[in-house]
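Residue numbers (the numbering used here), protein chains in the order written: chain A, 2 to 334; chain B, 39 to 328.
In structure tokens form, the structure reads like this:
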């Protein structure tokens, strides 16, 4: 049903190739997240799939049918925009009903589908309000409601949570994941937030400068990053990179070690350093350690580990979980 | 306490300008009312005497008065219709990306910068003139009899001239409104399967409603008092076919030297303008709220 295939897709604006060439398979029912820093082309890629931008070259196949030249409305996709893009002069009801009205559906059918969508999204009490009378989270749900009434082959989300505050973002993240479990429809989700990517995705596509750096499940990317970019982008706090002499002892140009894979001790270990800043989160503590001859390392220790600024500590990397990279930044396995 | 204090201070500060504005409005109004109650003819100076409401009776029973009211409304409504519809169309066109956009936009705005007398004279002598006019030339080119616009259809001709002058204003306001329409909303409508017409009716037109209201309100104020265009083209004629209320008051005061009658006409015009404003605000003022 909702499978999407990109073959050799590229997008050029003027002389600038935003997306040089991308091949990607999105399976039916999958929750795929495009993640990458701003300007990496992830939104452009989504808009290419949606049909809001024309591809410069290549082919897009949706649900087994060639969709490269189809207008957005005929691709069977729904999109949730970053600004929600609700129609401000229409009530919530008319907003949700709009795609059905445009499709020329029967009035009774529209009413029923709108009522169903409103029930799923807890919007029943707000159907007669205008978008400006709603909170951010409710607007978000209306936008999702407008997307689901059409029963599309796939949903496209363009950074839908970036306008919400932190607490609401965590909530909506959960709601979208639950919606995916319920509907089992393909979802393509664009974000720059790797936490969103890790928590929601079945499959993450890491993009950088219009290129796919790696595709895989969240844990795949976490445990086996293909290169320095993915290793640095996935995981929070960021992975520590060490190059030079300490890396050479592991026969690598650069080694990477995640903060949670550094073992700390107060009296012995591989590297010696002094604590710069200690961020206490309660359950964990993030230590920024100035290690001699290596530089600043971030370590994640249990909240019980009592250190403060200026204390001397020893760090030992877990060799099993050490990532090695060659001079091109590719992983050595 | 602080707010109470600042409020009274604010009132004190505003007072001079309020008083000035009040005097500015009240003094001429009071004088006009006073004159309207006098038998006051410029040909007979020093003979002013109280005349009661006879000036009003005279003005209101003048057959030209009803013609003038009709003409005033025809000019307002005709010009509003042409400028709003044409303005939306032009704004939609100018919103498209095209070569030389900046120059085209300046050209479109140009008519608004031309003073009314000049614009009307250009239209009268270079376009609508039955001998030398461009339209006459075109008519002759296709073998038709040239049409004497200002003699045969004076009111329509004036409406066209005034609409031409106000079209840029409407276009400009509507274009800026159009540019403030969220791009993502248009894309969302596109994804929702709305074609160009549906997008226009369900998205663009509601978005423009406020700008359209502004255009209608502002233009109505100015269109109720169109004068220069009539003076230089038809002089209110033939007969009174293109006389509006403003022109009638002018004719009363400066062609018939009847200041008293003209003042009465002025007061009637003020009352009528207020009636129009009242209905206008009730009909479309709601769009401006919230």
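The C-beta atom is built at its ideal place from N, Cα and C for all residues, glycine as well.
Exercise. Helix, strand or coil for residue 109 of chain B per DSSP?
Worked result: Correct three-state label for residue 109 of chain B: helix.
For this session: Identify every residue that forms a DSSP beta bridge with residue 286 of chain A.
Result: Under DSSP, residue 286 of chain A takes part in a beta bridge, and its partners are A:281 and A:302.
For this session: Can you tell me which of A:3, A:22 and A:119 puts its alpha carbon nearest to the alpha carbon of residue 210 of chain A?
Result: Comparing alpha carbon positions, the residue from A:3, A:22 and A:119 closest to residue 210 of chain A is A:22.
Problem set entry | When B:160, B:69 and B:287 are compared against residue 264 of chain B, the one with the closest alpha-carbon | Selected option, being the one with the closest Cα: B:287.
Exercise. Apart from the five residues just before and just after residue 165 of chain A, which ones in its own chain have a Cβ nearer than 8 angstroms to its Cβ?
Worked result: Closer than 8 angstroms at Cβ, skipping near neighbours: 137, 138, 141 and 173.
Exercise. Helix, strand or coil: which one does DSSP assign to residue 264 of chain B?
Worked result: Residue 264 of chain B falls in the coil class under three-state DSSP.
Exercise. Considering residue 120 of chain A, what are the terminal residues of the beta strand (DSSP E) in which it resides?
Worked result: In the DSSP annotation of this structure, residue 120 of chain A is not part of any beta strand (DSSP E); the continuous alpha helix (DSSP H) holding it starts and ends at 108-121.
Problem set entry | Interface partners of residue 84 of chain A on chain B, CB under 7 angstroms | For residue 84 of chain A, the residues of chain B that pass the 7 angstroms Cβ criterion are 220 and 222, in the order they occur in the chain.
For this session: Taking 8 angstroms as the threshold, find out whether the segment 148-168 of chain B comes into contact with the segment 235-253 of chain B through three or more Cβ pairs.
Result: Result no; under three Cβ-Cβ pairs closer than 8 angstroms.
For this session: Please work out which residues of its chain come closer than 7 angstroms, Cβ to Cβ, to residue 115 of chain A, disregarding the five sequence neighbours upstream and downstream, and give them in chain order.
Result: Here the set comprises 94, 97, 98 and 150.
Problem set entry | Short-range partners of chain B found in the segment 45-73 of chain A, where Cβ spacing is below 9 angstroms | The segment 45-73 of chain A vs chain B, Cβ under 9 angstroms: 48, 51, 52, 53, 72 and 73.
For this session: Give the residues from the segment 97-118 of chain A that approach chain B closer than 7 angstroms (Cβ to any Cβ), ordered along the chain.
Result: Correct list: 99, 100, 103 and 104.
Problem set entry | Within 9 angstroms of chain A by C-beta, residues of the segment 226-244 of chain B in sequence order | Of all residues in the segment 226-244 of chain B, 226, 227, 228, 229, 230, 231, 232, 233, 236, 240, 241 and 244 have a Cβ within less than 9 angstroms of some Cβ in chain A.
For this session: Identify whether residue 63 of chain A lies in helix, strand or coil by the three-state DSSP scheme.
Result: Strand at residue 63 of chain A.
Problem set entry | Nearest-angstrom Cα separation, counted from residue 167 of chain A out to residue 249 of chain A | Spanning the alpha carbons of residue 249 of chain A and residue 167 of chain A requires a straight line of approximately 41 angstroms.
For this session: Please report the residue range of the alpha helix (DSSP H) in which residue 224 of chain B lies.
Result: In the DSSP annotation of this structure, the continuous segment of the alpha helix (DSSP H) that includes residue 224 of chain B starts and ends at 221-229.
Exercise. Do we get a CB-CB distance below 7 angstroms when we pair residue 188 of chain A with the residues of chain B?
Worked result: Proximity of residue 188 of chain A to chain B, defined by a Cβ-Cβ separation below 7 angstroms, is not satisfied.
Exercise. Is the shortest distance between the beta-carbon of residue 90 of chain A and the beta-carbons of chain B less than 7 angstroms?
Worked result: Yes - at least one Cβ of chain B is within 7 angstroms of the one on residue 90 of chain A.
Exercise. With contact counted as at least three CB pairs below 8 angstroms, one residue from each stretch, are the segment 19-34 of chain A and the segment 70-79 of chain A in contact?
Worked result: Of all C-beta pairs linking the segment 19-34 of chain A to the segment 70-79 of chain A, fewer than three are shorter than 8 angstroms, placing the two stretches out of contact.
For this session: Look at the alpha carbon of residue 104 of chain B and the alpha carbon of residue 278 of chain B, and state the distance between them as a whole number of angstroms.
Result: Going from the Cα of residue 104 of chain B to the Cα of residue 278 of chain B covers about 10 angstroms.
Exercise. Is the Cβ-Cβ distance between residue 73 of chain A and residue 52 of chain A less than 7 angstroms?
Worked result: Yes; because the gap between Cβ atoms is below 7 angstroms, this pair is in contact.
For this session: Going by CA-CA distance only, name the one from B:58, B:184, B:77 and B:150 that's closest to residue 207 of chain B.
Result: For residue 207 of chain B, the nearest C-alpha among the options comes from B:150.
For this session: Report the rounded CA-to-CA distance for residue 224 of chain A versus residue 204 of chain A, giving the unit in angstroms.
Result: Distance between the alpha carbons of residue 224 of chain A and residue 204 of chain A is about 14 angstroms.
Problem set entry | residue 238 of chain A vs residue 299 of chain A beta-carbon contact at 7 angstroms | In contact: residue 238 of chain A and residue 299 of chain A (Cβ atoms closer than 7 angstroms).
Problem set entry | the segment 65-83 of chain B in contact with the segment 295-304 of chain B per 3-pair CB rule at 8 angstroms | By the C-beta criterion, the segment 65-83 of chain B is judged to be in contact with the segment 295-304 of chain B, since at least 3 inter-stretch pairs fall below 8 angstroms.
For this session: Would you mind listing the beta strand (DSSP E) stretches within the segment 119-161 of chain A that are 3+ residues and don't spill past its ends, in chain order?
Result: Uninterrupted beta strand (DSSP E) stretches at least 3 residues long and entirely within the segment 119-161 of chain A occur at 155-159, given in chain order.
Exercise. Considering residue 335 of chain A, what are the terminal residues of the alpha helix (DSSP H) in which it resides?
Worked result: Since the first residue shown for chain A is 2 and the last is 334, residue 335 of chain A is missing from the structure and cannot be characterised.
Problem set entry | Contacts of residue 79 of chain A in chain B (Cβ-Cβ under 9 angstroms) | Ordered by position in chain B, the residues that pass the 9 angstroms Cβ test against residue 79 of chain A are 229 and 230.
For this session: Output the distance between the C-alpha atoms of residue 148 of chain B and residue 84 of chain A, rounded to the nearest integer angstrom.
Result: Their backbone Cα atoms lie some 37 angstroms apart in a straight line.
Exercise. Using DSSP with H/G/I as helix, E/B as strand and the rest coil, what is residue 102 of chain A?
Worked result: Three-state DSSP puts residue 102 of chain A in a helix.
For this session: For residue 333 of chain A, name the three-state secondary structure that DSSP assigns.
Result: Residue 333 of chain A: strand per DSSP, three-state reduction.
Exercise. From this set, B:291, B:243, B:200 and B:58, which residue's C-alpha is nearest residue 216 of chain B's C-alpha?
Worked result: The residue with the shortest Cα to Cα distance from residue 216 of chain B is B:243.
For this session: Below 8 angstroms CB to CB, which residues in the same chain sit around residue 244 of chain A once its five sequence neighbours on both sides are set aside?
Result: Only 254, 255 and 256 meet the Cβ criterion.
Exercise. So residue 279 of chain A and residue 265 of chain A are in contact, right, with Cβ under 8 angstroms, and what is the actual spacing, rounded?
Worked result: Between the beta-carbon of residue 279 of chain A and that of residue 265 of chain A there is about 11 angstroms, and that puts the pair past the 8 angstroms contact cut.
Exercise. In whole angstroms, what is the alpha-carbon distance linking residue 159 of chain B and residue 309 of chain B?
Worked result: In a straight line, the C-alpha of residue 159 of chain B is about 32 angstroms away from that of residue 309 of chain B.
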